Amino acid sequence: KQWYQRRVRADYGYGNVFAMHIQSQSSPQCPIGTYELWDGYSLVKAFDGSGYIDLSDPGSCMQQFDPVPNVLCKGRKCKLNGKNWKSTWLWDRENESKVMASRCCVCESAKTLLVVHSQNQTVPSCPTGYTSQHFWAGYSFISTGQSGRVSLSSVGSCLPYFDSAPFIECTKRSCKKIKMNNVWLSVAGITDADKETVDSTNASQMISRCRVCALYTPSLWP
749 KQWYQRRVRA
759 DYGYGNVFAM
769 HIQSQSSPQC
779 PIGTYELWDG
789 YSLVKAFDGS
799 GYIDLSDPGS
809 CMQQFDPVPN
819 VLCKGRKCKL
829 NGKNWKSTWL
839 WDRENESKVM
849 ASRCCVCESA
859 KTLLVVHSQN
869 QTVPSCPTGY
879 TSQHFWAGYS
889 FISTGQSGRV
899 SLSSVGSCLP
909 YFDSAPFIEC
919 TKRSCKKIKM
929 NNVWLSVAGI
939 TDADKETVDS
949 TNASQMISRC
959 RVCALYTPSL
969 WP
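For the sequence shown, my numbering begins at 749 and goes up steadily by one.
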């Protein structure tokens, strides 16, 4: 695999860099045909006063987990780990008994990536000239919190799993699951009756499916 990654880089140069979040503690691996730059933990927001990070951004995948990864400087003085400082991370949904951050990896693709949203419950196919081979399908994610909008053209808008409460909040003492507003793309044509509040266990039926595709180049695919 490493030899193949080096060949892709040597033959085709630098391409598109993106983060991939697996929503579990499993060892993450970049899709075949891409080059892995690093792996880490899924950061959504570094501290209360900062903006939310697009989950396709390499900055959303921190190489080390630090519950309060901030130093506040003012004038000639700096402060580490304030008492009430908080950070937000994507949750590892496979370990419901534990509050842990999801794993992630940062990958480089030699070819253009495209995200397709079906607006129904069927995982969409890739357009002509693109392939889904080695990439992932999931659920269409729009927004983190009140201001953390994710572009629907971003691979961060296609999360592998739907979770109505996908975040944890951490202080220097502990982490906890939080119920923060998050927005998903809905299935088109839902009737008014269907728009009533439903239990989170059934909500996935209301969420659009998506797929990440890559521009197809036969010489790049084993």
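No residue lacks a Cβ here, since even glycine has one placed at the ideal position from N, Cα and C. These figures come from a predicted structure and were not determined experimentally.
By the Cβ rule, the segment 880-892 counts as touching the segment 948-960, because three or more pairs are nearer than 8 Å. Scanning its chain for C-beta atoms nearer than 7 Å, with the 5 sequence neighbours on each side dropped, one finds around Val847 the residues Ile916, Cys923, Lys924, Lys925, in chain order. Residue pairing by DSSP places Ala885 opposite Arg959 in a beta bridge.
Apart from the 5 residues on each side of it in sequence, Pro779 sits with its Cβ closer than 6 Å to the Cβ of His882, Phe883 in its chain, given in chain order.
Glu844 sits exposed, since fewer than 16 C-beta atoms from the chains shown fall within 10 Å of its C-beta. In this structure, the beta-carbon distance from Leu861 to His769 does not fall below 8 Å. Cys821: member of the beta strand (DSSP E) spanning 819-822, first to last residue. In the DSSP annotation of this structure, the continuous segment of the beta strand (DSSP E) that includes Asp787 starts and ends at 782-793. Leaving aside the five residues that flank Asp911 on each side, the residues in its chain whose CB is nearer than 6 Å to its CB run, in chain order, Arg841.
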